[in-house]
Amino acid sequence: MPPARKRPRAYDPARTRAAVLAQFGNVRAAVRTLAPEQLALPTRLGDWTVRELVAHVGMALTAVDRLLDEPEPARQDGRLLDWPFAIAADADAIAGTARRLSAEHPDLDAHLAEVERRFTERLDTRPGARLLPTSAGALPLADYVVTRTVELVVHTDDLNAAVPGLDIPHDRQALAAATRLLADALAVKAPGGSTEVRVPPYAVVQCVEGPRHTRGTPPNVVETDPLTWVRLATGRLTWEDALDGAKVSASGERADLGALLPLLS
1087 MPPARKRPRA YDPARTRAAV LAQFGNVRAA VRTLAPEQLA LPTRLGDWTV RELVAHVGMA
1147 LTAVDRLLDE PEPARQDGRL LDWPFAIAAD ADAIAGTARR LSAEHPDLDA HLAEVERRFT
1207 ERLDTRPGAR LLPTSAGALP LADYVVTRTV ELVVHTDDLN AAVPGLDIPH DRQALAAATR
1267 LLADALAVKA PGGSTEVRVP PYAVVQCVEG PRHTRGTPPN VVETDPLTWV RLATGRLTWE
1327 DALDGAKVSA SGERADLGAL LPLLS
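Take a look at the structure:
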């Protein structure tokens, strides 16, 4: 008898909203401290400067506003777990918009304040079931807001990597949601039950075809911390470098995830 299909993970909309706003607030507080020379620093995102990256962080919330201005799709035809695999198609347009916004808004704090105000206003007046026409298909607003935790957690880490000593904190709930979404995406990309991927304290998933364990310690185990997992899943860290740096432990012949990563980039 085949194993029962697992229900998709559920996210509480109120907690997700709070997490998004908390992480966005952490970024806003840090941006206020940046001097012009820090805003001009390069980042690990190609030729983007810190200023352009900050403008892109604002886009994590304005994307909701933009999609709500589009006609509502007639029916849902996408899943939350489709999103990580669909965003690469938007990369060129995203980069161009980030550069334009960076040039148009010399006062980045004022810009981010308006972005936050607009995001909060739209969530206050739209139901979570309202469908949005995303690159992953038509998704409920509440599901799309979950994807904003990934954007904010990833780009907070990008900012910290670009500006020595910045150390923007990661909101616990935002990091948890981002970790879980990306772990579940791995299970979609490599379905199976032979390998257990553990990202304590937030996520455990089984993936990769092969013999399925039913009790005790599984024969193939991967374990890492949440931020390392986010970096692996988004291409900020390679599997080989994570192993070499002892950022991940992997045991068993099916515990090599190198060919499956990154999930998005």
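Going letter by letter, the sequence shown gives residues 1087 to 1351 in the working numbering. Think of the CB as a built atom: it goes at the ideal place given N, C-alpha and C, for glycine as much as any other residue.
ask   = What is the DSSP secondary structure of Thr-1235, reduced to helix, strand or coil?
value = As a working mapping, residue 1235 is identified with position 149 in the sequence shown. Thr-1235 falls in the helix class under three-state DSSP.
Three-state secondary structure (DSSP) of Thr-1242 = As a first step, residue 1242 must be located in the sequence shown, where it is residue number 156. The answer is helix: DSSP assigns Thr-1242 an H, G or I state.
task = Select from Leu-1131, Leu-1139, Ala-1345 and Thr-1265 the residue whose C-alpha is nearest the C-alpha of Val-1120.
result = In the sequence shown, residue 1120 corresponds to position 34, counting from 1. A quick correction: the sequence has Leu, not Val, at residue 1120. Closest by alpha carbon: Leu-1139.
inquiry  = Classify Gly-1279: buried if its beta carbon has 16 or more other beta carbons within 10 angstroms, exposed otherwise.
reply    = On the sequence shown, position 193 is the one that residue 1279 refers to. Its Cβ being crowded by 16 or more others within 10 Å, Gly-1279 is buried.
message = With DSSP as the reference, identify every bridge partner of Arg-1284, one or two as the case may be.
response = Here the question's residue 1284 lines up with position 198 in the sequence shown. Note: Arg-1284 sits in a beta bridge opposite Val-1290 and Glu-1309.
query = Which first and last residues belong to the beta strand (DSSP E) in which Ala-1336 is found?
reply = As a first step, residue 1336 is located in the sequence shown; it is residue number 250 there, counting from the start. Run containing Ala-1336: 1334–1337, per the beta strand (DSSP E) assignment.
query = Got a sec, what are the start and stop residues for the beta strand (DSSP E) Thr-1220 sits in?
reply = Mapped onto the sequence shown, residue 1220 falls at position 134. From DSSP, the beta strand (DSSP E) with Thr-1220 extends over 1217–1220.
Terminal residues of the alpha helix (DSSP H) in which Pro-1122 lies = Residue mapping note: residue 1122 aligns to position 36 of the sequence shown, counting from 1. 1122–1125 is the extent of the alpha helix (DSSP H) around Pro-1122.
ask   = How would you call Asp-1193, buried or exposed, if buried means at least 16 neighbouring beta carbons within 10 angstroms?
value = Position 107 of the sequence shown, counted from the first residue, corresponds to residue 1193. Counting Cβ neighbours within 10 Å, Asp-1193 comes out exposed, since fewer than 16 surround it.
inquiry  = Assuming contact is defined by CB atoms lying nearer than 8 Å, are Ala-1260 and Ala-1108 in contact in what I supplied?
reply    = Numbered from its first residue, the sequence shown carries residue 1260 at position 174. Numbered from its first residue, the sequence shown carries residue 1108 at position 22. Cβ atoms of Ala-1260 and Ala-1108: closer than 8 Å.
ask   = What alpha helix (DSSP H) runs, 4 residues minimum, are completely inside the segment 1171–1211?
value = 1177–1190 and 1194–1211
Of the residues Leu-1252, Asn-1112, Ala-1174 and Thr-1233, the one placed nearest Leu-1352, counting alpha carbons only = For the chain, the structure presents residues 1087 to 1351; residue 1352 sits outside this window and is missing.
query = Buried or exposed: Thr-1211, going by 16 or more other Cβ atoms within 10 Å of its Cβ?
reply = Along the sequence shown, one-based indexing puts residue 1211 at 125. The residue in question, Thr-1211, is exposed, as its Cβ has fewer than 16 Cβ neighbours within 10 Å.
Alpha-carbon spacing of Thr-1235 relative to Pro-1304, whole angstroms = Locating residue 1235 in the sequence shown gives position 149, where the first residue counts as 1. Locating residue 1304 in the sequence shown gives position 218, where the first residue counts as 1. Computed Cα separation, rounded: 30 Å.
key: Three-state class that DSSP yields for Gly-1223 in the structure shown   = Sequence index remark: in the sequence shown, residue 1223 carries index 137 (1-based). Here Gly-1223 sits in strand by DSSP.
message = Residues in the same chain with beta-carbon distance under 7 Å from Gly-1223, minus the five sequence neighbours each way, listed in chain order, please.
response = To locate residue 1223, count along the sequence shown from 1; it is residue 137. These residues qualify, in order along the chain: Asp-1163, Gly-1164 and Asp-1168.
request  = May I have the straight-line CA-CA distance separating Thr-1265 from Arg-1317, to the nearest angstrom?
outcome  = On the sequence shown, residue 1265 is found 179 positions in, with the first residue counted as 1. On the sequence shown, residue 1317 is found 231 positions in, with the first residue counted as 1. Answer to the nearest angstrom: the Cα atoms are 10 Å apart.
request  = Please state if the CB of Leu-1350 and the CB of Ile-1173 are separated by a distance shorter than 8 Å.
outcome  = Here residue 1173 corresponds to residue number 87 of the sequence shown, with the count starting at 1. Here residue 1350 corresponds to residue number 264 of the sequence shown, with the count starting at 1. Yes; because the gap between Cβ atoms is below 8 Å, this pair is in contact.
Residues of its chain near Glu-1409, where Cβ-Cβ distance is below 8 Å and the 5 sequence neighbours each way are ignored = No information on residue 1409 is available, as it lies outside the stretch 1087 to 1351 that the chain covers here.
ask   = Would you call Arg-1152 buried or exposed, if buried means 16 or more other Cβ atoms sit within 10 Å of its Cβ?
value = Counted from its first residue, the sequence shown places residue 1152 at position 66. Arg-1152 comes out exposed.
ask   = Taking the continuous alpha helix (DSSP H) assigned at Leu-1139, which residues delimit it?
value = As a first step, residue 1139 must be located in the sequence shown, where it is residue number 53. 1136–1154 is the extent of the alpha helix (DSSP H) around Leu-1139.
request  = Compute the distance between the beta-carbons of Leu-1227 and Phe-1110, then report whether it is under 8 Å.
outcome  = In the sequence shown, residue 1227 corresponds to position 141, counting from 1. In the sequence shown, residue 1110 corresponds to position 24, counting from 1. No.
inquiry  = I need the straight-line Cα distance from Leu-1209 to Ala-1263, nearest angstrom please.
reply    = Here the question's residue 1209 lines up with position 123 in the sequence shown. Here the question's residue 1263 lines up with position 177 in the sequence shown. Between Leu-1209 and Ala-1263, the C-alpha separation is close to 18 Å.
request  = Evaluate Asp-1243 with the Cβ neighbour count: other Cβ atoms within 10 Å of its Cβ, from every protein chain shown; 16 or more gives buried, anything less gives exposed.
outcome  = Translated into the one-based positions of the sequence shown, residue 1243 becomes position 157. Its Cβ being crowded by 16 or more others within 10 Å, Asp-1243 is buried.
request  = Have a look at the DSSP bridge pairing and note the partners of Pro-1128.
outcome  = Residue numbering aside, residue 1128 sits at position 42 when the sequence shown is read from its first letter. Answer is Thr-1135.
query = So Gly-1344 packs on Asn-1306, CB below 8 Å; how close in whole Å?
reply = As a working mapping, residue 1344 is identified with position 258 in the sequence shown. As a working mapping, residue 1306 is identified with position 220 in the sequence shown. Gly-1344 to Asn-1306, Cβ: 14 Å. No contact.
key: Length of the line joining the Cα atoms of Pro-1255 and His-1241   = Position 169 of the sequence shown, counting from 1, holds the residue named residue 1255. Position 155 of the sequence shown, counting from 1, holds the residue named residue 1241. Distance between the alpha carbons of Pro-1255 and His-1241 is about 12 Å.
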